[in-house]
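**Q**
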Amino acid sequence: MRVRERLVAGNWKMNGTLASARALIEGLRRELMPLTGVKVAVCPAFVHLRDVAALLSDMPVTRRICLGAQNLSPHPPGAHTGEVEGGMLKELGCRYVIVGHSERRREEGETDEIVAAKFARAHEVGLTPILCVGETLAERESGATEQVVARQLDAVLSGGAKVFAEAVIAYEPVWAIGTGRVAEPAQAQAVHAFLRRRLAGHDAGAAARARILYGGSVKAANAAALFAEADIDGALVGGASLDAAEFAAICHAAERQR
Ligand code: PGA
Numbered sequence: 738m739r740v741r742e743r744l745v746a747g748n749w750k751m752n753g754t755l756a757s758a759r760a761l762i763e764g765l766r767r768e769l770m771p772l773t774g775v776k777v778a779v780c781p782a783f784v785h786l787r788d789v790a791a792l793l794s795d796m797p798v799t800r801r802i803c804l805g806a807q808n809l810s811p812h813p814p815g816a817h818t819g820e821v822e823g824g825m826l827k828e829l830g831c832r833y834v835i836v837g838h839s840e841r842r843r844e845e846g847e848t849d850e851i852v853a854a855k856f857a858r859a860h861e862v863g864l865t866p867i868l869c870v871g872e873t874l875a876e877r878e879s880g881a882t883e884q885v886v887a888r889q890l891d892a893v894l895s896g897g898a899k900v901f902a903e904a905v906i907a908y909e910p911v912w913a914i915g916t917g918r919v920a921e922p923a924q925a926q927a928v929h930a931f932l933r934r935r936l937a938g939h940d941a942g943a944a945a946r947a948r949i950l951y952g953g954s955v956k957a958a959n960a961a962a963l964f965a966e967a968d969i970d971g972a973l974v975g976g977a978s979l980d981a982a983e984f985a986a987i988c989h990a991a992e993r994q995r
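Residue numbering for the sequence shown follows this note's numbering, starting at 738 and increasing by one per position.
(1) Considering just the uninterrupted stretch of the alpha helix (DSSP H) at Ala-892, what are its terminal residues?
(2) Quick one: measure Cβ to Cβ for Thr-882 and Val-928, integer angstroms, because I've assumed they're closer than 8 Å.
(3) Arg-766 and Met-796 - do their beta-carbons sit closer together than 8 Å?
(4) From Val-885 to Ala-778, what does the alpha carbon distance come to, in whole angstroms?
(5) Just verifying my parser: in three-state terms, what is the DSSP assignment at Ala-907?
(6) For His-817, count neighbouring Cβ atoms within 10 angstroms of its own Cβ and tell me buried if that reaches 16, exposed if not.
(7) Which of the three DSSP states, helix, strand or coil, is assigned to Pro-866?
(8) Give the straight-line distance between the Cα atoms of Glu-820 and Phe-856, rounded to the nearest whole angstrom.
(9) Counting pairs of Cβ atoms below 8 Å between the region 939-946 and the region 963-973, do you hit three or more?
(10) Within 7 Å: the Cβ of Ala-990 and any heavy atom of the ligand PGA?
(11) Does the beta-carbon of Asn-748, which I'm using as the reference point, lie nearer than 7 Å to any heavy atom of the ligand ZN?
(12) Can the beta-carbon of Val-834 be found less than 8 Å from the beta-carbon of Ile-867?
(13) Given 7 Å as the limit, tell me if Val-974 has its C-beta closer than that to any heavy atom belonging to the ligand PGA.
(14) Return the Cβ separation of Ser-839 and Gly-871 in integer angstroms, given the expectation that the two are a contact with Cβ distance under 8 Å.
(15) So Lys-776 is in the beta strand (DSSP E); what residue range does that whole segment cover?
(16) How far does the alpha helix (DSSP H) with Ala-937 in it reach, from first residue to last?
(17) According to DSSP, which residues form a beta bridge with Asn-748?
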């Protein structure tokens with residue numbers, strides 16, 4: 738039995754209609770077998786959270802799927818037009834929230850400081866942040882992978898290592914996201930082990946407990962090989978999480994690799 742329970746989280750990104758979100762949850766109800774030792778979460782767009790929460794509350798207990806959001810405001814409630822506050826997500830039944838996804842870093846200009854503030858805010862309201870880190874292709878090719886992920890992680894750690902007690906990190910090489918080009922399991926494992934060592938430098942206990950997910954073109958066909966690596970504790974799944982059979986197969990692969 739592993740020390741760390743695996744987590745497979747689906748990042749639906751800006752996809753779907755209410756009808757397709759419903760169909761996806763219905764599909765998961767059919768496809769997911771009872772799971773032990775694996776947590777499953779789905780992260781729909783903000784506007785679908787309430788409906789998805791209601792559908793998930795009807796799932797059989799052994800197939801319970803947790804709810805997550807894709808983003809939150811770094812601020813407490815107040816005058817921030819168009820933003821969504823962490824407490825609101827908590828009230829809707831969210832347990833997780835993704836912070837620092839590379840699409841937000843790139844398209845919305847989220848800096849390490851903003852990501853750190855979002856991470857801290859998630860903790861304040863009792864959400865478990867899923868912190869995304871990862872290098873671009875140019876950074877990998879210039880040998881800067883460790884330097885980049887260390888910088889992204891350290892920005893959050895400087896807020897206090899205690900914050901990491903329950904956190905989830907997702908290593909998502911930018912060149913692997915949505916490209917069909919998955920990292921080699923050994924390549925991913927090397928970065929995961931590096932991240933855990935870095936975390937251990939701040940808090941050894943937290944490092945042993947922290948779940949480090951891999952993300953970037955995870956599919957049913959490559960999941961088992963990734964999960965066989967010692968420091969890969971699950972997956973953050975984008976495209977493949979929009980297909981119930983595919984996503985369920987990834988969850989089952991996580992269970993078999995227990
Ligand atoms: P992908 O996305 O699985 O479609 O590559 C992963 C992610 O962005 O979290």
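All C-beta atoms in this analysis are idealised placements derived from N, C-alpha and C, irrespective of residue type, glycine included.
**A** Here's the rundown:
(1) 882-894
(2) 6 Å
(3) yes
(4) 27 Å
(5) strand
(6) exposed
(7) strand
(8) 15 Å
(9) no
(10) no
(11) By its list of ligands, the structure shown excludes the ligand ZN, since it contains just the ligand PGA.
(12) yes
(13) yes
(14) 6 Å
(15) 775-780
(16) 922-937
(17) Cys-780
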